[in-house]
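Participant: Sharing a structure, written as structure tokens. Questions coming.
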Amino acid sequence: MLTGLLPKGFWTRNETLVAGVILAFCLMATLSDPLFFTVTTLSDLLRASIVIGILAIGAMVVLISGGIDVSFTAVAVFAMYVATRIALAVWPDMPWPMIFALAMFVGAGLGAINGLFIAFFKLPTLIVTLGTLSVFRGFLLTFVGSQRISDLPPEMRDFSRGVLARGTTEAGSFYSIPWSALALLAVIVLTWFMLKKTMLGRSIYAIGGSQESARRIGINVQWTQFFIYVYVGALAGLAGIIHGSVGRMADPFSLVGLELSVLAAVVLGGARLIGGYGTITGTLLGVVLIVLVQTNLIVIGIPTIWQSVTIGLLILLGTGVPAYRAKRAAARAG
Amino acid sequence: MANPDASPTTAPLIDLRAITKRYAGVTALDTVDFTIAAGEAVCLAGENGSGKSTLIKIISGVEQHTTGQIYIDGVKVDHNNPRRAAAHGVMVIFQDFSLFPNLQVYENIAYPSQLGARNRLFDRAAARKMASDVLTKIGVDIDLDTRVEALPVAQKQLVAICRALASKARLIIMDEPTTALTEREVARLLNIIRKLKEDGVAVVFVSHKLAEVLDVSEKVVVLRNGKKVADGNAKDFDTKSLAFHMTGREVPESAPEPLKAGAATLMQVEGLSKTSVFENVSLELKAGEILGITGLLGSGRTSLAKALFGLVRPDAGTINFDGTKVPLGDPVAASKVGIGYVPEDRLTEGLFLTQSILRNVAIGRLDNHTKGGLLDMGGLLSEAADWISRLKIKAPDIAAPVQSLSGGNQQRVSLARWLSRAPRVLLLNGPSVGVDVGSKADIHDIIRDLAKNGIGIIMISDDLPELLATCHRILVMRDGRITDELVGASTTEADLARRLAS
Amino acid sequence: MSGGPHRAPGFTEAPEFKLLIIAVAVFALMAVLAPDRFLSAQNMTSMAFQFPEFAILALAMTITMMTGGIDLSVVGVANFSAVTGALILTTFADPGLGTGDSLMWLSIALLASLAIGAVCGLANGTLVAHFGLPPILATLGSGLVFTGFAIAMTGGSAVMGFPNVVAWLGNEQLFGVPVPLILFAVLALLLHVLLTRTAFGLRVTMYGANPLAALYAAVDINRMILKVYVIAGMFSSVAGMVIMSRANSAKADYGSSYLLLAVLIAVLGGVNPYGGYGRVIGVILAVLSMQFLSSGLNMLQVSNFARELIWGALLIFVMIINTHGLPGLKSLKATPSK
Chain A
1038 MLTGLLPKGF WTRNETLVAG VILAFCLMAT LSDPLFFTVT TLSDLLRASI
1088 VIGILAIGAM VVLISGGIDV SFTAVAVFAM YVATRIALAV WPDMPWPMIF
1138 ALAMFVGAGL GAINGLFIAF FKLPTLIVTL GTLSVFRGFL LTFVGSQRIS
1188 DLPPEMRDFS RGVLARGTTE AGSFYSIPWS ALALLAVIVL TWFMLKKTML
1238 GRSIYAIGGS QESARRIGIN VQWTQFFIYV YVGALAGLAG IIHGSVGRMA
1288 DPFSLVGLEL SVLAAVVLGG ARLIGGYGTI TGTLLGVVLI VLVQTNLIVI
1338 GIPTIWQSVT IGLLILLGTG VPAYRAKRAA ARAG
Chain B
34 MANPDASPTT APLIDLRAIT KRYAGVTALD TVDFTIAAGE AVCLAGENGS
84 GKSTLIKIIS GVEQHTTGQI YIDGVKVDHN NPRRAAAHGV MVIFQDFSLF
134 PNLQVYENIA YPSQLGARNR LFDRAAARKM ASDVLTKIGV DIDLDTRVEA
184 LPVAQKQLVA ICRALASKAR LIIMDEPTTA LTEREVARLL NIIRKLKEDG
234 VAVVFVSHKL AEVLDVSEKV VVLRNGKKVA DGNAKDFDTK SLAFHMTGRE
284 VPESAPEPLK AGAATLMQVE GLSKTSVFEN VSLELKAGEI LGITGLLGSG
334 RTSLAKALFG LVRPDAGTIN FDGTKVPLGD PVAASKVGIG YVPEDRLTEG
384 LFLTQSILRN VAIGRLDNHT KGGLLDMGGL LSEAADWISR LKIKAPDIAA
434 PVQSLSGGNQ QRVSLARWLS RAPRVLLLNG PSVGVDVGSK ADIHDIIRDL
484 AKNGIGIIMI SDDLPELLAT CHRILVMRDG RITDELVGAS TTEADLARRL
534 AS
Chain C
112 MSGGPHRAPG FTEAPEFKLL IIAVAVFALM AVLAPDRFLS AQNMTSMAFQ
162 FPEFAILALA MTITMMTGGI DLSVVGVANF SAVTGALILT TFADPGLGTG
212 DSLMWLSIAL LASLAIGAVC GLANGTLVAH FGLPPILATL GSGLVFTGFA
262 IAMTGGSAVM GFPNVVAWLG NEQLFGVPVP LILFAVLALL LHVLLTRTAF
312 GLRVTMYGAN PLAALYAAVD INRMILKVYV IAGMFSSVAG MVIMSRANSA
362 KADYGSSYLL LAVLIAVLGG VNPYGGYGRV IGVILAVLSM QFLSSGLNML
412 QVSNFARELI WGALLIFVMI INTHGLPGLK SLKATPSK
């Protein structure tokens, strides 16, 4: 039997549900537009997923630990803008790896501020990150600048031109896979390794499962939490600078507002608000679904003005089905 | 001693000398000595607030003692802390087991030892091997890959024990180890404890209900108000003498008055069933009757009680109240016809701890004190105050949060909430769990009084002396069915215990 | 019934007292920094016109937070109901219509938008109560859906061209008091009475303190949750109508910064985001502090962005004080592990 080969609880997993919806979406899209399922569409999808994907993996780590972060978009845009400004002011020809490192460093610093309030002042994570969302954004726009910079350091432009593969399909449409795809891959591998293979990663799951138990067996809960927010900050910095490079503009007004879509992707992927649960596969599937809806809704015959409704309904469905199932199971157990 | 390796000259594993602990002027422990050797089991008994949890915290390094000395393996330890205690093999298994529900069994067992070894990477293969070794060692078979949240309570406890062993425990302190277990599970636990002792592991049982573990213990230590009041060979203690030492007084109980002949039937339950929880339960309750329902944990007693109050929806059957059918699975409807339910776990189910005593009592009577949409505060206040004095609740201030009260007084607040609604049937689940012995007798008096006034009472309990002292009839449940019906006056504790477990 | 007729806790002990000090301090600071402009009658009036729209949203947030929930859809509901009302007005009420007819259509539009608010709230409540969704996710998703409906109905552009009477709601004064302020005062009083003087309000507070105990105390929880979210939805739709009147138009993405502001004010006002505690007076003081602060900063030529910065910083600062007290700032190590 097929079922015997599948991992335990396969059919009830969020991953399966989301993958099913993605498949159905693609099937419907291919039926209405045979050109949908092409390398071009896939490479477009990949390109659109990179920034959201990196942000989503960061947000997932926070959810696993039992917290929630809504400030990461502000961190990303702050890090991107500051790194660009510094590069332009100090050394316009700064190699892009240095600019990227700079952005990640700035992001990590902002993450440390979140971590300080959450781990050491023990404030609720939603409230802290709602607060820092506006603090970071306000600080950026007030003290750093509110002008869009389209004259980026040349190295950033070079980065955005770099491709791993490019070509033209038989149908004559153009496709390319940018360098930034490697960044997403690196983030995936690194985060997977940390979560699955290191004691630190397991303690993140443990804290999400029960903070009190984690403390009792000697996990340093405060420093682990602090690390999580620093890590997420660095990822946000990376996502921000990629966004700036690829968009060829350092726009201090961009990205903020995206946090709900990113969280939607993570939650669709099966991460739970109570903490302790979340997989990279699920998160990436969630990202793909959200990006599909954001970019290709029209292909399956739904006008773009219904995009917001569709994403909202997906969130309600993706979280509602497991929630309702859990409620029913609890009622049955007596 | 049970440990063959321990020579008489070896220093005890833990030796506390004249330990005193003060919190902001309050003396929680007063010059207490406590010694335990390898391979020994000690019962640490005491009521809530007797200082037993403080003592545990000092041994495990969570709290620092004010005066006195701690010797571990004969070496004086000046600044005990959790890490140091753990390094010496002192492990506490808390009542909630402190496991990680989202992680698998093997990781729960092996993770802390890898953490203790200061590993950077998590060695999954080693963890699985360690977990399966420890499980084999104590002779238990649990699937390594199951998430802990999916395990029944008894297995969770075993996982917690395995985790302590995997971390090279030499002393395992178990907080209230038997409360959540059925007798069969307790027997299995005791067998495992015997094995541990043979390997030289020392065990401390901390509980206010210790009769079950006296068998495997060498010593008993009883604390009362922070002082050690009794200390001796476990063979010299039994349930009664433990209770006497814990409370400092003998508590006589009077049997219930016989039921009036010709009392009307209040509630009639027919064929109540819920798949794999309880089956074909029928019972009848008369006005003024106290009906006991007992059974082991998992026998379906608590689910049945919840079903009678609508908290659990049965698949089949009917509940008739005074001739009218009560909708199933609807606590609001059940409470409207006059059924009340005082839950087992006061702290999480029964009370709103941060809210005032007044509000905790008044919550059931809000609609009756609403005039033109607004609450009559004066009416609520005087009614609650009346119940507080009738149930002799010792409270400094009716506006004080209910968490400031002692266990016995909290239970009375829980009772007062339902009594103020003038129920005609009251379901009491474990009415004296975690209540000191003095309050327990008072609560039994209140229950007998209520019955005298014509209220039908169903009491769910596994405290056999309590059932015998209060109930007219006792129903025994096993595997979801009612297997025996006994008349309270004609049975004995031994008979009841036999029927429960057989 | 803390704060009831018996043993009212000393007012200076109440958490709201700190807020009063903050509100007075901010007012005094602004009065000192920009005395002639900040203290002018014109500024007072303009402040009174500005804050009610987001203050009403904060009231909606407050009642959901009391149950340990949250309503992230308040802005979505406000815009959805405003767009509905606006479409009714632009379709049926020609700007040239007489006052009587215009008033009739305004009332119909108001009722329609209140009904939309109630239906949205009912949807939220159903998701939370009957389907067991965490409130954050339920209202995050539904907020997108409501906004999405507003976008779909308007194609994303603003709806405008109302009869003159519509402006009355947001811009006129009644006996010298701005109409939006009156609306806010009425709703605040209503919520205060609801929370402290009715059975429903007490149940909301107690449910927030311990949901399981509420179940065992035979509280009709599903019904109560439904009511809570319906009230939040209707309050949001009132805010939406005020916004519509002041902007003289309705659009799917108006007031997008108000969501943060509403959460901020509720938390600032001492409402426990985990449920079980919250007082309307605290929320009012928080609203006033925020308004004094932003008007004052406005006069000092501080940019909107700096205002956002200060709001966020204030939120975190107040949370630290509420959790740890002032000494908490000094001794980090002594924080309780609870």
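Residue numbers (our numbering), protein chains in the order written: chain A, 1038 to 1371; chain B, 34 to 535; chain C, 112 to 449. The beta-carbon is built from N, C-alpha and C at its ideal position, and this holds for glycine as well.
1) Mind checking if Ala1361(A) is an interface residue toward chain C, Cβ cutoff 7 Å exclusive?
2) Tell me the DSSP secondary structure of Met163(B) in three-state form.
3) Just list the beta strand (DSSP E) runs in the stretch 445-485 of chain B, keeping only unbroken ones of 3 residues or longer that don't cross its boundaries, in chain order.
4) I'd like to confirm the pairing. Which residues does DSSP put opposite Phe149(C) in its beta bridges?
5) From what residue to what residue does the beta strand (DSSP E) around Cys76(B) run?
6) Between the stretch 374-383 of chain C and the stretch 520-535 of chain B, do at least 3 Cβ pairs fall closer than 8 Å?
7) Starting from the C-beta of Gly1245(A), find all residues in its chain whose C-beta is less than 7 Å away, skip the five residues before and the five after it, and write them out in chain order.
8) How would you list, in chain order, the residues of chain A whose beta-carbon sits under 8 Å from the beta-carbon of Ser131(B)?
9) Out of Leu305(C), Met155(C), Lys129(C) and Glu283(C), point me to the one whose CA is closest to Val339(C)'s CA.
10) Taking a contact to mean a Cβ-Cβ separation below 7 Å, would you say Val458(B) touches Trp420(B) in this structure?
11) DSSP puts Asp208(B) in a beta bridge; with which residues?
12) Whole angstroms are fine: how far does the CA of Ile225(B) sit from the CA of Val262(B)?
13) Skipping 5 residues on each side, what residues in its chain have a beta carbon closer than 6 Å to that of Ala164(B)?
14) Touch check for the stretch 152-161 of chain B and the stretch 1227-1237 of chain A: three-plus C-beta pairs under 8 Å?
15) Return the residue from the list Gly343(B), Pro434(B), Ile205(B) and Val123(B) that minimises the CA-CA distance to Phe385(B).
16) Give me the subset of the stretch 284-312 of chain C whose CB atoms are less than 8 Å from a CB atom of chain B, sorted by chain position.
17) For Phe155(B), go through chain A and note every residue whose CB falls closer than 7 Å to its CB, in chain order.
18) Mapping DSSP to helix, strand and coil, what is Glu518(B)?
19) Is the beta carbon of Ile326(B) sitting closer than 7 Å to the one on Ile493(B)?
20) Gln388(B) CB to nearest chain C CB: under 7 Å?
21) Do you know offhand how far Ala278(C)'s Cα is from Ile336(C)'s?
22) Between Tyr104(B) and the rest of its own chain, which residues show a CB-CB distance below 6 Å, the 5 nearest in sequence each way excluded?
23) Would Gly343(B) and Ala367(B) be called neighbours here (beta carbons separated by less than 7 Å)?
24) Of all the options Ile488(B), Lys473(B), Arg514(B) and Ile126(B), which has the alpha carbon lying nearest to the alpha carbon of Leu500(B)?
25) Our contact map puts Phe1180(A) next to Gln1259(A) with C-beta atoms below 8 Å; I'd like the distance itself, whole angstroms only.
26) Identify the contact partners of Leu136(B) in chain A, using a Cβ-Cβ distance below 7 Å as the criterion.
27) For Ala330(C), which three-state DSSP category applies?
28) On a Cα-Cα basis, can you pick out the residue from Ile395(C), Thr156(C) and Gly266(C) that is closest to Tyr171(C)?
29) Does any residue of chain B have a CB that is nearer than 7 Å to the CB of Ala229(C)?
30) Taking buried to mean at least 16 other C-beta atoms within 10 Å of its own C-beta, is Ile421(C) buried or exposed?
31) Please determine, among Pro289(B), Asp355(B) and Leu329(B), the residue with the shortest C-alpha to C-alpha distance to Gln301(B).
32) Name the chain B residues whose beta carbon is nearer than 9 Å to that of Met177(C)?
33) Could you name the residues of the stretch 140-152 of chain B whose beta carbon sits closer than 8 Å to any beta carbon of chain A, in the order they occur along the chain?
34) Going by DSSP, what residues sit across from Thr68(B) in a beta bridge?
35) Could you give the distance in angstroms between the alpha-carbon of Gln1248(A) and the alpha-carbon of Val181(B)?
36) Residues of chain A with a CB under 8 Å from the CB of Arg116(B): which are they?
Facilitator: Checking against the coordinates, here is how it stands:
1) The question names Ala, but residue 1361(A) is Tyr in the sequence shown. With 7 Å as the cut-off, Tyr1361(A) counts as an interface residue toward chain C.
2) helix
3) Counting only runs of 3 or more, we get 458-462.
4) Checking the DSSP bridge columns, you'll see Phe149(C) has no partner listed.
5) Ala74 to Ala78
6) no
7) So the qualifying residues of the chain are Ile1101, Ser1102, Gly1103, Gly1312 and Gly1313.
8) Ser1247, Glu1249, Ser1250, Arg1253 and Ile1254
9) Leu305(C)
10) no
11) Val239(B)
12) 30 Å
13) Tyr139, Ile142, Ala143 and Leu177
14) yes
15) Pro434(B)
16) Val304, Arg308, Thr309 and Ala310
17) Lys1234, Thr1235, Met1236 and Arg1239
18) strand
19) Their beta carbons are under 7 Å apart, which means Ile326(B) touches Ile493(B) by this criterion.
20) Answer yes: the Cβ-Cβ gap between Gln388(B) and chain C drops below 7 Å somewhere.
21) 34 Å
22) The residues Asp48, in chain order, have a CB closer than 6 Å to that of Tyr104(B) in the same chain once the five nearest residues on each side in sequence are set aside.
23) yes
24) Measuring from the Cα of Leu500(B), the nearest candidate turns out to be Lys473(B).
25) Cβ-Cβ separation between Phe1180(A) and Gln1259(A): approximately 30 Å, too far for a contact (criterion under 8 Å).
26) Tyr1242, Ala1243 and Gly1246
27) Note on residue identity: the sequence assigns Val, not Ala, to residue 330(C). Correct three-state label for Val330(C): coil.
28) Here residue 171(C) is Ala; the residue named in the question, Tyr, does not match the sequence. When each option's Cα is compared against that of Ala171(C), the closest is Ile395(C).
29) Answer no: the Cβ-Cβ gap between Ala229(C) and chain B never drops below 7 Å.
30) buried
31) Minimum Cα distance to Gln301(B) is reached at Asp355(B).
32) What Met177(C) touches in chain B: nothing, since even the nearest Cβ is about 13 Å away.
33) Glu140, Tyr144, Pro145, Gln147, Leu148, Gly149 and Asn152
34) Asp48(B)
35) 16 Å
36) Gly1255
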